[in-house]
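Structure first, then comments.
Numbering (the working numbering), first residue to last: 4 to 219.
Right under this line is the structure:
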């Protein structure tokens, strides 16, 4: 499994011989930069916002997964679970966020979307074992640093990849990555162009935070 970050909450996950997944493609006009050419067999959308649901950014035809349900495409199992519908400020409407469990031959990655509250124990248990967690950490409309750290302690993943935080060319008002790293007791973390994982047995025994460079 190879994981590449295109900024905000958008990742591409792929494995040779299996379907490629892109999560939460975004509208460049809203985020402030262009994710470039995105190709996928599957695209997941966590919430109905232009920073998460801009499926027209995907080149070619991809199977769209929007909301709850179980899917199997190209050897990849995708499960959408609704976790947290906390109400928008000054609104009676529910905010619907879908968390996705993406399973590549037993190696399970969870994309938390724009999660904005700490889930309860039942919701956490419903996700099953989590090997890799893609966690929003920038606050404002999603988890802040402290809440993100609490969610990580509940999920107990082997690898944490932060997302949805302030970067230099973004026009969105989000907290910087440094705030989350400080909450996790880390001064700095070396960035990686992508993360490649071969199997569950290759994962670290203790939770490790890994930071990806934004792909150009």
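Here a beta-carbon is modelled for each residue, glycine too, at the ideal position from N, C-alpha and C. Bear in mind that the values here come from a model prediction, so they are computed numbers and not experimental data.
Around the C-beta of residue i, are 16 or more other C-beta atoms found within 10 angstroms, so that it is buried, or is it exposed?
{"i": "residue 201", "result": "exposed"}
{"i": "residue 122", "result": "buried"}
{"i": "residue 199", "result": "exposed"}
{"i": "residue 3", "result": "A question about residue 3 goes unanswered here, because the residues of the chain that appear run from 4 up to 219."}
{"i": "residue 189", "result": "exposed"}
{"i": "residue 204", "result": "exposed"}
{"i": "residue 220", "result": "Absent from the structure is residue 220, since the part of the chain shown begins at 4 and ends at 219."}
{"i": "residue 54", "result": "buried"}
{"i": "residue 10", "result": "buried"}
{"i": "residue 63", "result": "exposed"}
{"i": "residue 116", "result": "buried"}
{"i": "residue 185", "result": "exposed"}
{"i": "residue 18", "result": "buried"}
{"i": "residue 148", "result": "buried"}
{"i": "residue 191", "result": "exposed"}
Taking C-beta to C-beta, are residue i and residue j nearer than 8 Å?
{"i": "residue 210", "j": "residue 176", "result": "no"}
{"i": "residue 170", "j": "residue 217", "result": "yes"}
{"i": "residue 197", "j": "residue 6", "result": "yes"}
{"i": "residue 29", "j": "residue 57", "result": "yes"}
{"i": "residue 50", "j": "residue 100", "result": "yes"}
{"i": "residue 142", "j": "residue 178", "result": "yes"}
Just checking my contact of residue i with residue j at CB under 8 Å: how many whole Å lie between their CB atoms?
{"i": "residue 107", "j": "residue 82", "result": "Between residue 82 and residue 107 the Cβ distance is about 13 Å, and since that is not below 8 Å, they are no contact."}
{"i": "residue 114", "j": "residue 26", "result": "5 Å"}
Of all the options the options, which has the alpha carbon lying nearest to the alpha carbon of residue i?
{"i": "residue 139", "options": "127, 131, 119 and 75", "result": "119"}
{"i": "residue 31", "options": "60, 8, 20 and 217", "result": "60"}
{"i": "residue 76", "options": "46, 101 and 85", "result": "46"}
{"i": "residue 23", "options": "127, 192 and 67", "result": "67"}
{"i": "residue 79", "options": "4, 116 and 157", "result": "4"}
{"i": "residue 266", "options": "48, 36, 191 and 157", "result": "Any answer about residue 266 is impossible in this case: the structure gives the chain only from 4 up to 219."}
{"i": "residue 85", "options": "213, 132, 111 and 125", "result": "125"}
{"i": "residue 130", "options": "181, 34 and 111", "result": "111"}
{"i": "residue 145", "options": "127, 183 and 213", "result": "183"}
{"i": "residue 109", "options": "48, 34 and 206", "result": "206"}
{"i": "residue 8", "options": "98, 37 and 132", "result": "37"}
Measuring only between beta-carbons, confirm whether residue i sits less than 8 Å from chain D.
{"i": "residue 20", "result": "As a matter of chain content, chain D is missing from the structure shown, which is built from one protein chain."}
Can we count residue i as close to the ligand FMN, meaning its CB is less than 7 Å from some heavy atom?
{"i": "residue 13", "result": "As presented, the structure is devoid of all ligands, the ligand FMN included, so that no description of it is given."}
- At least 3 beta-carbon pairs within less than 8 Å: the segment 31–41 vs the segment 146–153: No, because fewer than three Cβ pairs between the segment 31–41 and the segment 146–153 fall closer than 8 Å, the two stretches do not touch.
- Message: Count Cβ pairs between the segment 58–72 and the segment 162–173 that sit closer than 8 Å; are there 3 or more?
- Response: no
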